[in-house]
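As structure tokens, the structure follows; a few thoughts come after it.
There are 2 protein chains.
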Amino acid sequence: MNRGVGMRREEQTSASMARALDYCGRRWALRVIWELRSEALTFRRLQEACGGISPSVLQRRLNELRALGVVELVPRLGYRLSVFGERLFPLLARLDEWSEGLAPERDLQ
Amino acid sequence: MNRGVGMRREEQTSASMARALDYCGRRWALRVIWELRSEALTFRRLQEACGGISPSVLQRRLNELRALGVVELVPRLGYRLSVFGERLFPLLARLDEWSEGLAPERDLQ
DNA sequence: ACAGAATGCTACATATTCGGAAGCAAAAGA
DNA sequence: TCTTTTGCTTCCGAATATGTAGCATTCTGT
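Top to bottom, those sequences are chains X and L.
Quick note: the first sequence uses the working numbering, first residue 9, plus one each step.
Quick note: the second sequence uses the working numbering, first residue 9, plus one each step.
As structure tokens, this is what we get:
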């Protein structure tokens with residue numbers, strides 16, 4: 009009840025959604041998932057694919073994504089999406105389409 | 009041609025997608041969009057909805073999202089999604105469903 | 001077996017971003 | 001007029017990201 013009497017918003021953000029938005033809202037997290045969309049990549053190749061992300065951050069993101077069950081490390085293959093992680097693909101594919109309509113960084117008048 | 013001769017990945021990440029992933033991968037960006045899903049919110053209400061985000065960061069995210077044409081500020085209404093921004097809704101709705109399957113932060117063995 | 005390359009990963013210093021508190025000027029409401 | 005609410009700013013300590021170098025191990029070719 010922290011929104012007082014005049015609560016108008018019918019839908020409240022769930023805890024799991026807040027968590028997903030938190031983890032996805034960390035630098036490179038979505039990009040890493042996106043780069044793994046079609047095949048497994050080694051750490052170094054993933055680094056290149058992301059355009060030269062620093063290894064320390066990549067390592068952190070990968071550990072987080074692994075702990076969340078989104079990404080898995082396969083001994084002689086590299087990193088790849090888990091079955092659960094692959095369910096994000098259609099979502100990111102839509103973001104890909106959507107991104108083409110992005111404004112070219114116009115100013116706020 | 010920065011991936012050498014042995015290029016295997018058929019699909020290259022587009023510049024617009026890289027940009028979208030960049031902006032979406034900033035803290036609170038997706039959350040802000042999500043909180044605006046059903047109605048316009050004033051700056052202060054948006055702050056509450058996000059669970060106490062600091063105004064400096066919220067201001068920065070809102071300016072970025074406005075510059076991208078995702079969010080707009082309506083004088084006596086507050087912030088709301090643009091028509092373009094609303095196209096992100098089905099995407100985030102899927103993320104909402106997906107988030108329920110998130111692992112409870114298990115350790116990496 | 002051996003040399004060289006590639007692997008995942010770490011350490012460290014620097015730069016950027018975030019977070020939290022206080023507060024401002026302008027507008028709206030009473 | 002007085003109070004509240006608005007969008008927004010500044011400051012600064014804490015957290016996160018970046019960049020470079022390099023380690024130990026495993027694969028690869030000879």
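Ideal Cβ positions, reconstructed from N, Cα and C, are used throughout, including at glycine.
Quantities reported herein were computed from a predicted structural model and do not represent experimental measurements.
Give me whichever residues DSSP pairs with residue i in a beta bridge.
{"i": "V82/L", "result": "G86/L"}
{"i": "L70/X", "result": "Answer by DSSP bridge pairing: none, since L70/X is not bridged."}
{"i": "G49/X", "result": "Here the sequence assigns Leu to residue 49/X, which means Gly is not the residue at that position. Answer by DSSP bridge pairing, in chain order: Y87/X."}
What would DSSP say about residue i, mapped onto helix, strand or coil?
{"i": "L100/L", "result": "helix"}
{"i": "S22/L", "result": "coil"}
{"i": "R27/X", "result": "helix"}
{"i": "G33/L", "result": "coil"}
{"i": "S64/L", "result": "helix"}
{"i": "G59/L", "result": "coil"}
{"i": "G93/L", "result": "helix"}
{"i": "L54/L", "result": "helix"}
Could you compute how far the alpha carbon of residue i sits from the alpha carbon of residue j?
{"i": "G33/X", "j": "G86/L", "result": "24 Å"}
{"i": "F92/L", "j": "S22/X", "result": "25 Å"}
{"i": "P98/X", "j": "D104/X", "result": "10 Å"}
{"i": "Q67/X", "j": "R35/X", "result": "12 Å"}
{"i": "G109/X", "j": "L29/L", "result": "14 Å"}
{"i": "E56/L", "j": "A37/L", "result": "15 Å"}
{"i": "E47/L", "j": "F51/X", "result": "42 Å"}
{"i": "R45/L", "j": "L70/L", "result": "15 Å"}
{"i": "S62/L", "j": "L54/L", "result": "11 Å"}
{"i": "V24/L", "j": "E80/L", "result": "Note on identity: in this sequence residue 24/L is Ser, with Val being the wrong assignment. Cα to Cα, S24/L sits roughly 21 Å from E80/L."}
{"i": "E94/X", "j": "R84/L", "result": "42 Å"}
{"i": "R39/X", "j": "G60/X", "result": "12 Å"}
{"i": "V78/L", "j": "L49/L", "result": "14 Å"}
{"i": "W106/X", "j": "S64/X", "result": "30 Å"}
{"i": "V82/X", "j": "V82/L", "result": "50 Å"}
{"i": "Q20/X", "j": "E19/L", "result": "37 Å"}
{"i": "P112/X", "j": "R102/L", "result": "27 Å"}
{"i": "E72/X", "j": "A26/L", "result": "21 Å"}
Locate the alpha helix (DSSP H) running through residue i, then write down its first and last residues.
{"i": "P112/X", "result": "Here P112/X belongs to no alpha helix (DSSP H), and DSSP marks it neither H nor E."}
{"i": "E3/L", "result": "Residue 3/L cannot be examined here, being either before or after the span of chain L that is shown, 9 to 117."}
I think residue i touches residue j, with their Cβ atoms under 8 Å apart; what is that distance to the nearest whole Å?
{"i": "W42/X", "j": "L89/X", "result": "Between L89/X and W42/X the Cβ distance is about 10 Å, and since that is not below 8 Å, they are no contact."}
{"i": "L96/X", "j": "Y31/X", "result": "In fact, because the Cβ distance is near 12 Å, the residues do not count as touching under 8 Å."}
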